[in-house]
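Note sheet for the following structure.
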Amino acid sequence: MESNTSRTPTLTKKDVAREVAAATGEPLYKCEPWVQATIEAIRDMMASADPEVRIELRDFGVFEVKKTKAKPKARNPKTNQTVFIPARRKTHFKPGKRLRETLQEPLEELGYAIPEGSADHPEYRAKAA
12 MESNTSRTPT LTKKDVAREV AAATGEPLYK CEPWVQATIE AIRDMMASAD PEVRIELRDF
72 GVFEVKKTKA KPKARNPKTN QTVFIPARRK THFKPGKRLR ETLQEPLEEL GYAIPEGSAD
132 HPEYRAKAA
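Numbering (the numbering used here), first residue to last: 12 to 140.
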């Protein structure tokens, strides 16, 4: 079986803890509980929202719990039967300005290789102009 080399890497809590350890100079074993506690605190605040909440982390983004409306005429695509979906809560993340600006920088400027044939590839842009 051929491995997929274009697969998106997955980072875990352990990776976040390693970054915190590197940034603070603390050992990894001390940082892991901090990261876990932070994640649990955010999750618990979102879960206990009554019914909405907004958690703002400056220079990062905003986590929100929002209400959805009831959908009295939704359709089950398998059976084509009309079903009622009650109002519920959903999560939403809005990146902060600093994160948004960082993510909008062109990949070329960040030193990433642009795949040949991509609309972002310099040869493609030269032909299109």
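Beta carbons: idealized from backbone N, C-alpha and C, even for Gly.
- Within the same chain, P97, A98 come within 6 Å of A81 by CB-CB distance, once the 5 residues on both sides are set aside.
- For K84, the CB contacts under 7 Å within the same chain, skipping 5 residues up- and downstream, are T93 in chain order.
- A buried status is given to A28, since no fewer than 16 other beta-carbon atoms sit within 10 Å of its beta-carbon.
- At a cut-off of 3 residues, the continuous stretches assigned as beta strand (DSSP E) that sit fully inside the stretch 67-97 are 72-78, 82-86, 93-96.
- If you draw a straight line from the Cα of I66 to the Cα of R18, it is about 31 Å long.
- Linking A33 to D26 through their CA atoms gives a straight-line distance of about 11 Å.
- Comparing alpha carbon positions, the residue from L110, E116, F104, E119 closest to I53 is F104.
- DSSP places R100 in the uninterrupted beta strand (DSSP E) bounded by 100-106.
- Closest by C-alpha distance to K78, out of L121, L118, R100, is R100.
- Look at R65 here: in three-state DSSP terms it is strand.
- When the Cα atoms are used, F95 and E37 turn out to be separated by approximately 52 Å.
- If you compare the alpha carbons of L68, E119, T102 with that of R109, the shortest gap goes to L68.
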